[in-house]
Structures are given as C-alpha cells and as structure tokens.
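Read through the structure below, which is laid out as structure tokens, and then see the notes.
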Amino acid sequence: MYWHGMLTLGFFFLVSEGKPELGFKEFYAHERLTGYMESHGFVVTRHHLGIETAWKAEFSHGHHNGRIIGLQSEMDALPHLGHACGHNLIAITGVAIALGLQAAMQQHNISGKVILLGTPAEEHGGGKIKLLEKGAYKEMDVCLMAHPGPGAPDGTVIQPWIAVQNIDVEFFGRTAHAAYAPWEGQNALDAAFLAYSAVSVLRQQIKPTHRVQGVMSGNESETNVIPDYAKMRWAVRAPSWTELEVLRERVIACFEGAAKATSCKVKMTPGVGYKDCKQNDVLGAEFLRIAGSRYQMQATPSETVLQASSDFGDISYEIPSIQPVFTIPTEKNGSNHTPAFAESAKTPRAHAASIRTSKALAATGLRVLTDDEFWSKIASSRTSASSSKDLL
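Here our numbering is used: the sequence shown runs in plain steps of one and ends on residue 1446.
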C-alpha cells in the first residue's frame, strides 16, 4: 500500500500539474516537495544554505552514532523542452527512497539518519557543486540517486559518467558598411565561424570518447553591416577531469586562433565544470544484486563511459556514491533531451520504473545502515578512491 501511494505521488508531483521550471527557478517544486516531506515527519530546511530553491529534509532514528544516507531530488527542466531529462522522476525517486528508509528504520528500530537534498540547476549551473562548497554533504556517509534513460524495459545499469566544462565565448569586432567599406570592419561573425570550423577540424584528432559541442547565438544585424559581436556556447567533455583539462586547452586555442585571424578580440567565460562520476564498486554491486534478484530488473554493470554529464560527479569525488540509470519506455529517436522523452517521463510505466528503482536503492541504503562489514568495505573503497583522486 505504501509503494502504491508513492506511485500516485509520482503523477502528482511536477507532471500532472505541468509546471517544469528552469534551474534556480524551481519555486513550485520547492514548495510542493518540502511541504510533502514535512507532512511525513521530516525536518525540513527551505532555501537551504542561502540557495533559494535548494532544500533539505532530514529524518533521524535511534542513537546518534548511526550512519547517514544522503539522497538527491533534482527538479530543474530544460528550456523549451520541459522535463526532457526526466528530473521530475529523479525528484520523486529521492522522495520514495527517503520514505522507504524512514519506514524501515521505524518498523525495525534501525539507527541512522536520512538526508534528502533538493538540488536545483543540474542542467546548467551546478546546484550540487554550490551545495557541496557550502558544506551540504559533509555529514553523509554515502550518497545515492538514480537517473532515467532510454533502453530495454525494466533495465538498470551502473557505469561511469563523462566530465564536462562549459565555456561562453564572445567575439568583439568593429562595424562597417559591408558593401561600401568592408575593409574598415572586423567581422565578429567570421571569427565565430572560423572557431566553429577549427573545432570541427579538431574533432578528427581527438579520441572517440571525447566530445566538443557548440551553438551560436542569433544576431539582429542587417546584411549590409559588418557584425561587431558574436556569442557562442561550448561544452567540452572527456571521460576524466584530467583528460578534459588537456582537451579544453586545445579547444581554447581554436577560439584564440579565430580571433587573431579576424583581428577581433575574444572573451572566454568558463562555466561550472562537472567532474566525471565515479560509481562506488561496493555500493554499485549491491544495488545491482538487489535490483536483479529482488525486483526482477535487467541489472548490469558496464565499464563503458556514459556520454552524459552531471554535477553529481563532483559529489562522487568526495563520498562513496552511485547514480544508476534506469530505463523507461521511449519512442524511436526519443532519448533524453528530446520532446519525446518529456512525454515518456509522464507515463505510468516511467513512474513504475522509478518506484522499482527506488525500492532497490532504499534496500541498498538499508544495508549501509545495518551491516558493519558491508560498511567497512565501502569505507575501504572510499579510501582507495581518495588516493587515486589525489593524482588528478
């Protein structure tokens, strides 16, 4: 009956109401989710750590030296696409895991604490990184969350995620009459096109696991005016942060070369960089075991790097973490960041997959609370991960 209630909750939050919101503007989601957690006995902090749409919901039981499970509810949507990455499902998954752990702790008198964070602006803005810098994760022993994606029915996979660095690039030139005296101008639009072409050529010389993507802003200039301004937004991706830093310098050289060739000036503004997501082996294996044996999911590990990025990667550098991807039914060519995926994320089957995944993650978290030997293995793996992190 409890999990049936959670499925109903899935429709109610952020889907049936039809209120997708952009990063750091998740006001409706903030109010609905905090109100719901408060009504279920969690101690809620709204506008957590000075971030207007961040929040924290805590539940403690038993003695104070119990372990602490961290959870995530993402909330933001994509411009023009709505919840085309399924953050509506991530929001309810975090809630479901928290309530499942709460029920088990109360019923079986298990000591520990659950901290569910409402994390804004995953798509662009790095809400989790801002919370990390403010100390939001310092209490947690582990951190768990899940992300929807396309694939075979009832599937889930644990795999590493790629790192990303966003860069805003602006070119500044000088206007002139494009027909009468074009030699007097410095064409910022030409600089942008040269930069795009240079990156396109660079792509032939980078590894298959590396990615560089860019878009150009519109310009309202007349055709008879040499454009004196152009703006581009770029994303540089690599399987590790170390590789990304090397690739980023090669991409920056493309922008600088384009500016020099056109006598324009260039301004580069780096966005928040997301580190690669390091899945904890011990937590990941236990989640996959539970998902497969108890909930009949097609649960598999993979060493193939997922060509997607998340600010959860920075969390995984600090504490033992997992972010399994669970599959929902989608249309052909309807993967994440498409209008079709936004529609798929509203369906009953998508919500059922969210609840099934939530059960498996709640059971994984429960073992962290109750099994000292299991926790010791996680702690050892955390030490090993920390040692390798120091080399980056």
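Backbone N, C-alpha and C define an ideal beta-carbon position, used for all residues, glycine too. None of the values given here were measured: they were computed from a predicted structure.
C-alpha distance - Ile1105 paired with Thr1277, whole-angstrom precision: In a straight line, the C-alpha of Ile1105 is about 44 Å away from that of Thr1277.
Whole-angstrom distance between Pro1378 and Ile1221, CA atom to CA atom: Distance between the alpha carbons of Ile1221 and Pro1378: 28 Å.
Three-state class that DSSP yields for His1264 in the structure shown: Of the three classes helix, strand and coil, the one that applies to His1264 here is coil, per DSSP.
Distance CB(Gly1124)-CB(Ile1169) smaller than 7 Å: In contact: Gly1124 and Ile1169 (Cβ atoms closer than 7 Å).
Cβ shell of Trp1429 (< 7 Å), same chain only, five flanking positions each side left out: Excluding sequence neighbours, Trp1429 sits near Arg1121, Val1422.
Neighbourhood of Leu1199 by C-beta, 6 Å cutoff - its chain only, sequence neighbours within 5 removed: For clarity, residue 1199 is Met in the given sequence; the question names Leu instead. So the qualifying residues of the chain are Gln1126, Gln1377.
Residues that DSSP places opposite Arg1287 in a beta bridge: As DSSP reads the structure, Arg1287 sits in a beta bridge with Asp1222, Val1269.
Phe1226 versus Ala1313, Glu1187, Leu1155, His1162, residue with shortest Cα-Cα distance: The shortest C-alpha to C-alpha distance from Phe1226 to any of Ala1313, Glu1187, Leu1155, His1162 is the one to Ala1313.
Top-ranked residue by Cα proximity to Leu1046, from Ala1406, Phe1113, Ile1344, Thr1354: Any property of residue 1046 remains undetermined from this structure, which presents the chain solely from 1055 to 1446.
Where the beta strand (DSSP E) containing Ala1111 begins and where it ends: That run of the beta strand (DSSP E) goes 1109-1115.
Cβ-based neighbour list, Ala1206, same chain, cut-off 7 Å, excluding 5 preceding and 5 following: Taking Ala1206 as the centre and dropping the five residues before and after it, the same chain places the C-beta of Gln1352, Thr1381 closer than 7 Å to its C-beta, in chain order.
Cut-off 6 Å between Cβ atoms - residues of its own chain near Val1098, not counting five sequence neighbours on either side: These residues qualify, in order along the chain: Thr1088, Met1091, Glu1092, Ala1111.
Paired residues, beta bridge with Arg1024 - DSSP: Because the chain in this structure spans residues 1055 to 1446, residue 1024 falls outside the shown range and cannot be described.
Collapsed DSSP secondary structure at His1201 in the structure displayed: His1201: strand per DSSP, three-state reduction.
Distance, Cys1331 Cα to Phe1081 Cα: Between the alpha carbons of Phe1081 and Cys1331 lies a distance of about 28 Å.
Segment limits, beta strand (DSSP E) that includes Phe1380: Per DSSP, Phe1380 belongs to the beta strand (DSSP E) from 1379-1382.
C-alpha gap between Lys1431 and Val1290, whole angstroms: Each residue's Cα considered, the two are about 35 Å apart.
Range covered by the alpha helix (DSSP H) that runs through Val1336: Taken as a continuous stretch (DSSP letters only), the alpha helix (DSSP H) holding Val1336 covers 1335-1347.
Span of the beta strand (DSSP E), counted from its first residue to its last, around Gln1126: Counting along the chain, the beta strand (DSSP E) containing Gln1126 begins and ends at 1122-1128.
Three-state secondary structure (DSSP) of Gln1352: Correct three-state label for Gln1352: strand.
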